[in-house]
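Report on the structure given below.
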Amino acid sequence: MKNYKVILPVLGLLIILLSNLALAITAEEIINRRDDNEYIVSARVESEMVIINGGRKMVKTMISLTDGRDGLTEFTNPRDRGTKFLKRGDDLWMFFPDAEDVVKISGHMLNQGMMGSDFSYQDIMESDKLTDLYNFEVIGEEEFAGRPCYLLEGIAKEGAEVSYYRRKIWIDKERFIGLKMELYAQSGRLLKVSRAEKVEKIEGRWLPTESVMENKLRRNTRTEFKIISIEFNPEIPGGTFTLQNLQ
Amino acid sequence: MQKILKVCLLLLVLILLFSLPLSAQADIGGELKTTLIGTVGEDGEISTDLQESLDLELFLPEFGNTEAKFQLELFNPPLKDLTGDDQRISVKKLYLRHRFTNLNLTLGRQPISWSFGSLLNPVDFTLGAVAMGEETSGKYVDAVEGYIPFNWNSGLALVAAYPEHSDEIKWGVRGRAGIRGYDLTMNFVREPEITVEIPGVGMFTNPPAKRAGLTFKGDLGPIGAYGAVGYYRRNNQESYVYLLGGDYSYYSGFDKKITFQLEYLSVNRDNLNNILGMNLTGLTSGGDDTLNLLLGNVSYPINDFSSVSLLPVISLDDGSLLLNPTYQNLLGNNLTLTVSGVVYYGDEDTLFGPKEITPVQGLPQKVPKGVLEVGFSYSF
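Encoded structure:
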């Protein structure tokens with residue numbers, strides 16, 4: 016009987032410990048589940064970008080087609096109407112509507128703010144899965160915007176071509192969607208912060224349909240990005256991601 | 542021939558328009574622009590000219606694999622005394638394009654320029670069609686163009702154009718290939734004899750010419766590199782043109798990004814006027830000596846809405862200089878203010894220095910000291 020008094024609590028503790036271990040989720044699983052929601056293989060997206068600097072505002076609208084590592088974006092707002100970007104792998108091409116010229120864009124321009132926004136061409140057109148670019152680990156749990164989140168940190172994998180050396184991501188524990196992301200330079204300096212402002216479930220996937228990117232190196236500036244409509248796995252005609260179609 | 546082509550094309554566009562379903566969305570957009578140009582003459586006198594233009598484009602939905610474009614420009618021409626016209630209409634685009642599986646066929650007035658990212662393009666379909674970021678009317682031609690793709694980034698373009706002031710066809714062919722991240726092109730252009738009447742001078746004849754060119758563009762580490770080699774043959778006289786350039790972005794603290802572009806051009810004096818485009822035509826008198834130019838462009842975004850840039854052109858042969866600073870500010874969502882200038886500096890009779898220029902009635906007889914332009918443009 017005395018033995019039972021010892022064995023039972025120990026067994027209880029073991030069960031709790033083992034069940035916790037069994038339920039513990041790894042950083043890779045969290046990111047993969049986040050990618051299941053947010054990583055888009057093929058889609059047609061209509062979106063709006065609002066660039067805000069102090070009291071000034073600039074609105075850009077666009078239609079994008081993505082398929083794996085390829086992407087085609089066409090601007091539809093009056094000032095940029097007809098401007099197109101074609102991304103094939105790491106190559107970026109631009110179509111100038113007035114001249115109807117197709118010009119290859121130098122690689123160093125990829126880090127530049129896209130059409131004056133806080134999103135770089137890389138931010139918009141980054142087509143690799145985060146797990147392919149970063150080594151992630153869970154560094155804690157925190158609440159963000161009233162939602163319990165896993166807090167993950169990703170460090171760029173050696174040799175990976177990334178715009179930001181380190182990322183911190185707040186991932187909703189229930190919906191597995193990134194609610195906040197901090198982007199850092201290798202020096203440790205915080206460069207950009209993005210926040211999901213609105214999250215919607217579309218075709219069974221949670222997606223941030225409204226988000227805000229703030230460049231922390233500039234004051235009073237932010238870019239709002241809204242998905243107006245999205246269609247997953249649309250029928251994309253052959254030859255869409257070609258120079259022939261770009262012109 | 543050209544008139545018949547234009548009438549046929551207009552009819553085709555109208556047929557296409559009327560055959561569109563009522564639900565199809567057509568739209569009109571464009572740009573309204575007004576610019577005050579102040580020119581400082583050699584003696585310090587200032588003359589001003591107001592230029593206004595309205596660019597109108599009809600955006601039509603694609604009709605199957607066929608698209609139609611119609612864009613025209615209404616403008617009051619600079620130097621009205623020269624033409625006597627107060628207002629003019631210029632059709633920039635009026636064409637039909639059909640995308641076959643292995644051929645894009647474009648018929649009508651269309652822009653044709655073979656840019657590869659340089660400030661000057663010595664191997665363009667029309668020399669000077671686009672120069673230092675500015676386009677000229679030379680880019681818009683009545684033509685038939687066929688583009689045959691070989692793969693996603695390689696193909697062959699064939700152009701037969703009907704130039705104004707000539708009864709013959711101008712034709713060109715351009716091959717493009719993407720190899721290991723480099724964009725390589727090869728082209729050939731045959732220009733017919735062109736005869737133009739210049740007021741106050743008389744008839745001016747440009748004899749037939751042949752041009753061939755090679756270009757490349759790609760990345761060398763963090764630097765974007767490009768270049769061109771051209772061969773010109775006119776009046777049994779041969780000459781070569783060479784261009785080598787690069788661009789680079791310098792980041793200061795991840796935020797302040799300055800973009801640099803630098804290029805070297807070696808060209809026969811006779812051909813420089815054409816390459817520099819309409820904006821700078823008249824700077825050089827004829828001659829077959831070789832000129833060496835160094836061009837640059839430094840641009841700096843002040844913030845999301847405004848930027849400054851400086852474009853210098855230096856003649857390496859005589860040290861004369863042209864400076865083209867530009868400030869641009871997006872005032873409202875679609876309203877842009879642009880302030881730019883051109884300053885010429887050099888000794889008497891140097892490339893960009895004070896000298897007599899082509900005596901055309903109504904045009905200044907000397908290269909000005911500088912030009913200042915203040916303009917607003919509104920996109921809709």
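The listed protein sequences correspond, in order, to chains W and B.
The opening residue of the first sequence carries number 16 in our numbering; numbering runs sequentially from there.
The opening residue of the second sequence carries number 542 in our numbering; numbering runs sequentially from there.
Glycine is no exception: its CB is placed at the ideal position from the N, C-alpha and C atoms.
Fair warning: this is a prediction, and the values are worked out from it, not measured in the lab.
Any Cβ of chain B closer than 7 Å to the Cβ of W:L222 would place that residue at the interface, and such an atom is absent.
In the structure shown, B:S678 falls within a helical segment according to DSSP collapsed to helix, strand and coil. Using beta-carbon distances, W:G104 does not count as an interface residue toward chain B, since no partner is under 7 Å. Using a Cβ-Cβ cut-off of 7 Å, B:N874 counts as an interface residue toward chain W, since at least one Cβ of chain W sits closer than that to its own.
Taking a C-beta distance under 7 Å as the contact criterion, B:D708 and B:K758 do not qualify as a contact pair.
Our two residues, B:F917 and W:V56, have alpha carbons roughly 42 Å apart in a direct line.
Chain B has a Cβ within less than 7 Å of the Cβ of W:N68. Taking a contact as a CB-CB distance under 8 Å, the pair B:S659 and B:Y767 counts as one, their CB atoms being some 6 Å apart.
Along the segment 810 to 869 of chain B, the alpha helix (DSSP H) occurs as fully enclosed runs of 4 or more residues at 810 to 817, listed in sequence order. Residues of the segment 758 to 777 of chain B with a C-beta less than 8 Å from any C-beta of chain W: K758, G759, D760, P763, I764, G765, listed in chain order. Of the candidates W:P163, W:R237, W:F191, W:F191 places its Cα closest to the Cα of W:K216. Cα atoms of B:G716 and B:M727: separation of roughly 5 Å, rounded to the nearest angstrom.
Taking 3 residues as the minimum length, the beta strand (DSSP E) runs contained wholly in the segment 590 to 644 of chain B are 607 to 616, 629 to 641, in order along the chain.
Burial check for B:Q778: the Cβ neighbour count within 10 Å stays below 16, so the residue is exposed. The three-state secondary structure of W:M109, taken from DSSP, is strand. In the structure shown, W:L258 adopts helical secondary structure according to DSSP, grouped into three states. In summary, the residues of the segment 837 to 850 of chain B whose CB is separated from some CB of chain W by less than 7 Å are N844, D845, F846, in the order they occur in the chain. In this structure, the straight-line span from the alpha carbon of B:R629 to that of B:E586 is close to 29 Å.
In the DSSP annotation of this structure, B:A766 is not part of any alpha helix (DSSP H); the continuous beta strand (DSSP E) holding it starts and ends at 764 to 775. Interface annotation, W:T257: in contact with chain B, CB-CB separation under 7 Å. For W:A42, the enclosing alpha helix (DSSP H) starts and ends at 42 to 53. Taking 7 Å as the CB threshold, W:K119 lines the interface with chain B. Taken through DSSP and simplified to helix, strand or coil, W:D147 comes out as helix. Interface residue (Cβ-Cβ distance to chain W less than 7 Å): B:D788 is classified as such. Residue-level contact check: W:G122 touches chain B, since one or more beta carbons of chain B fall below 7 Å from its beta carbon. With a cut-off of 8 Å on Cβ pairs, the segment 774 to 790 of chain B is in contact with the segment 802 to 814 of chain B, counting three or more such pairs.
Of all residues in the segment 685 to 719 of chain B, only Y688, P690, W693, N694, G696 place a beta-carbon less than 7 Å from a beta-carbon of chain W. The DSSP-derived three-state label of W:I251 is coil. Residue-level contact check: W:M77 does not touch chain B, since none of the beta carbons of chain B fall below 7 Å from its beta carbon. Put simply, the CB of B:G570 is near chain W, with a gap under 7 Å to one of its CB atoms. Apart from sequence neighbours up to five positions away, the residues of its chain that approach B:K751 with a beta-carbon distance below 6 Å are R731, R774, ordered along the chain. By the neighbour-count definition (other C-beta atoms within 10 Å, threshold 16), B:P748 is an exposed residue. Taking a Cβ-Cβ threshold of 8 Å, the residues of chain B close to W:P93 are G570, N875, S920, F921, in chain order. At least 7 Å separates the beta-carbon of B:P853 from that of B:V581. The segment 876 to 890 of chain B makes no contact with the segment 103 to 110 of chain W; the number of CB pairs closer than 8 Å stays below 3.
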